[in-house]
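Residue numbers (the working numbering), protein chains in the order written: chain A, 13 to 334; chain B, 73 to 388.
Notes follow the structure.
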Amino acid sequence: MSKTILSAKNLKTHFYTNRGVVKAVNGVNFELSCGECLCLVGESGCGKSVTALSLLRLLDSPPARIVDGKVSYGDIDLVKCPTRQLRQIRGKDIAMIFQEAQSALNPVLSIGNQITEQIKLHEKISRRQARDRALALLEEMGIPSAERVIDAYPHQLSGGMKQRAMIAMSLSCDPQILIADEPTTAVDVTIQAQILEIFRNLRARKQMSFIFITHDLAIVNEIGDRAVVMYGGRDVETAPVSQIINNPRHPYTKGLIACLPDISKTEKRLESIPGNTPNPIELPPGCPFHPRCPKAMEICNRDMPLPITISQGHTVSCHLYT
Amino acid sequence: MKYKTTGATTSIHAGGRLASYYWQRTRRNKLAIAGLAFIIFLIFLALFGPFFTMDPTEVNFEEKNLPPIGFSVEKSTYDIETSEFTTTIIPGTWKHPLGTDNKGRDLLAMIISGARISLLVGLIATGMAIILGTIIGVLSAYAGGWVDNALMRFTDIMMTFPFFLLLVLIVFIFGHSLIFIVLAIGLTGWTGTARLIRSESLSLRTREFVTAARAIGARDRRVIFRHLIPNVMSLIIVITTLSIPGVIMAEAALSFIGLGDPTWTSWGIILSAGQHTLDTAWWIAVEPGIMLFLTVLAFNFLGDGLRDAFDPKSNI
């Protein structure tokens with residue numbers, strides 16, 4: 013196992029709203045190794061995106077507040093380090109890709125301007141050099157006629173092109189870690205395939221670690237090394253992707269895998285997990301999944317299950333295995 | 073690594089830049105273009121007109137109250153020796169195409185130099201108000217929390233304060249200097265702008281590109297000036313064009329009630345001087361009045377046109 017580059021310990025991010033405290037992230041743990049692609053998987057509202065934003069403290073405070081936990085990058089705690097230091101890490105060491113390129117690109121700045129802005133924030137570099145680098149990055153992303161695209165505004169580009177431009181932007185300072193928040197959700201399947209291809213190529217060529225957030229298990233299977241399954245603001249199961257897909261242990265993960273349509277069977281109805289995701293204002297006591305869990309026991313209602321390592325690199329938080 | 077692509081650049085308009093796109097849209101509004109033409113004409117008049125007209129301060133009582141070209145007035149003189157009234161008809165002359173005032177000053181020259189003052193006051197005071205309003209509005213929206221609360225309550229207080237009374241007070245305390253009039257208008261006129269810019273920025277702030285800007289390591293000041301303000305630029309342009317006439321009117325109104333700067337012949341000053349002779353020499357008040365009316369109308373037409381052009385929902 014290579015060394016850990018980023019780790020989150022008991023990360024808790026709460027939103028203080030008029031209707032109560034929204035416990036969006038309520039104790040997430042994971043470790044990202046060098047050169048690895050770690051997937052955060054879960055339904056909408058399970059806290060994946062908030063986790064990603066919390067890593068770089070990008071949430072507005074108020075209403076959001078990281079109430080507890082630690083995010084270690086090297087020997088820096090990103091939760092507590094001064095903003096100055098954090099700004100130098102943002103974009104340079106840890107870059108981020110957002111779900112919708114449409115809204116993540118500034119509509120009044122040209123693509124080239126936005127890419128060079130990031131380069132110039134972190135490096136002393138002439139305008140000419142920055143532009144050349146931006147151009148090279150765009151070409152690397154497979155954008156045809158990059159010379160034209162670099163001076164285009166976001167509204168002049170198609171969805172796939174925007175997504176690529178954003179990836180180019182995030183790569184402009186050669187970050188160590190790339191956090192991708194559902195980069196394939198807002199694009200159609202052909203673009204999705206191309207974007208995954210870009211990621212695969214990046215992994216092959218660069219020493220870069222990825223945190224890939226998605227709700228799509230097919231994508232996890234496609235590009236992930238390890239996966240963290242999240243539910244109700246917590247990590248419920250962490251394992252290598254092959255384990256998650258073939259040997260899920262947590263009842264929630266089992267449910268998710270069972271939901272995947274199987275092309276070899278001709279079933280009429282798709283499987284689903286009964287019930288809804290818990291209300292993050294009033295999380296159920298004990299294990300957040302127990303109201304929907306087919307194997308719920310009496311203890312699940314009372315105690316929060318602790319993570320248990322059941323095999324090498326495979327941990328599960330469930331009372332079934334204690 | 074090259075990939076096949078499905079999308080190429082789509083060209084909405086030939087020029088490429090957004091500005092040219094908005095210009096295309098504005099151009100379709102005839103009234104806005106007429107307004108713009110008048111404003112440009114006015115600016116030229118204010119810049120270069122005074123070089124071609126006579127001295128607007130030159131007093132000549134021999135030629136007082138001359139009517140403009142195409143009009144004439146009857147003038148009765150009483151002859152003591154014959155005890156008779158003789159009525160002579162005095163027509164307008166080309167020497168004074170717009171006539172003269174009660175001190176025989178050339179009205180054309182006065183109005184052209186008045187255009188200078190009115191435009192200058194309008195532009196500088198509006199500029200001040202817009203800059204203040206934009207900064208306060210964006211800051212308020214971006215910072216949120218108690219900063220937002222404090223700034224907006226301050227704005228509320230400024231708004232409830234009777235604007236004109238405040239102007240009168242400032243001018244009364246600091247004197248009739250044009251600088252103070254400009255300062256007074258600029259320092260009180262930002263409230264509406266601040267409100268509008270704040271509400272626009274509030275919705276912009278939640279957009280992902282603001283988070284993205286912070287994610288690349290930009291500091292707050294940079295996010296505000298490079299990412300937020302350019303996005304409210306269209307709103308700023310519209311507010312500016314629509315508030316210039318208000319400011320010009322405010323200056324005219326101040327001058328009209330006698331709180332203007334008497335050393336400068338602004339339109340308001342001419343107007344107020346002419347009000348006493350409306351029955352005998354109506355043109356003194358009417359001419360600057362028409363100029364004020366046309367200027368305000370031109371700015372309003374242009375502002376309306378720009379607002380429609382910048383509004384993505386309007387179909388023009």
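Virtual Cβ for every residue (Gly too), placed ideally from N, Cα, C.
Ala180(A) sits buried, since 16 or more C-beta atoms from the chains shown fall within 10 Å of its C-beta. Interface annotation for the segment 91–117 of chain A against chain B: Arg99, Gln100, Ile101, Arg102, Gly103, Lys104, Ala107, Met108, Phe110, Gln111, Glu112, Ser115, Ala116, Leu117, criterion Cβ-Cβ distance under 8 Å. Between Val295(B) and Ala285(B) the beta-carbon gap is near 5 Å, inside 8 Å, which marks them as a contact. Within its own chain, the residues whose Cβ lies closer than 7 Å to the Cβ of Glu112(A), once the five positions on either side in sequence are excluded, are Ala198, listed in chain order. Taking the beta carbon of Phe281(B) as reference, the chain A residues within 8 Å of it are Ser115, Ala116, Leu117, Asn118, Pro119, listed in sequence order. Out of Glu159(A), Phe224(A), Glu135(A), Tyr85(A), the CA that lies nearest to the CA of Ser61(A) is found in Phe224(A).
Tyr165(A) counts as buried, since at least 16 other C-beta atoms from the protein chains shown sit within 10 angstroms of its C-beta. Among the CB atoms of chain A, one or more fall inside 8 Å of the CB of Gly217(B).
Of all residues in the segment 303–331 of chain B, only Asn303, Met305 place a beta-carbon less than 8 Å from a beta-carbon of chain A. Closer than 8 Å to the CB of Ile288(B) there is at least one CB belonging to chain A.
Residues of the same chain with a CB within less than 6 Å of the CB of Ala213(B), apart from the 5 flanking positions on each side, are Arg270, Ser273, Leu274, Arg277 in chain order.
Boundaries of the alpha helix (DSSP H) around Asn233(A): 229–235. Counting along the chain, the unbroken beta strand (DSSP E) around Ile225(A) starts and ends at 221–226.
At a Cβ-Cβ threshold of 8 Å, Leu374(B) and Ile111(B) count as neighbours. For Phe124(B), the secondary structure class from DSSP, reduced to helix, strand or coil, is coil. Nearest CB-CB separation between Asp72(A) and chain B: below the 8 Å threshold.
In this structure, DSSP gives Pro94(A) a state outside helix and strand, which the three-state scheme calls coil. Residues are counted here when their Cβ sits less than 8 Å from a Cβ of chain B; for the segment 120–143 of chain A these are Val120, Leu121, Glu129, Gln130, Leu133, His134, given in chain order. Looking at the backbone, the Cα of Cys271(A) and that of Val253(A) are separated by about 17 Å. Taking 8 Å as the threshold, the shortest C-beta distance from Leu68(A) to chain B falls below it.
Nearest to Ala325(B) by alpha-carbon distance, out of Phe116(B), Thr159(B), Trp262(B), Phe365(B), is Phe365(B). In terms of beta-carbon proximity, Arg97(B) stays away from the interface with chain A, with every pair separated by 8 Å or more.
Taking 8 Å as the cut-off, the beta carbon of Thr334(A) is found closer than this to the beta carbon of Ile320(A).
Looking at the DSSP output, Leu150(A) sits in no beta bridge, so it has no partner there. Ranking Leu121(A), Thr63(A), Leu18(A) by CA distance to the CA of Thr25(A) puts Thr63(A) first. One thing to note: Ala353(B) has its Cβ no nearer than 8 Å to the Cβ of Gly261(B). Bounds of any alpha helix (DSSP H) do not take in Ile285(A), whose DSSP letter is neither H nor E. The straight-line gap separating the alpha-carbon atoms of Asp220(B) and Leu211(B) is approximately 8 Å.
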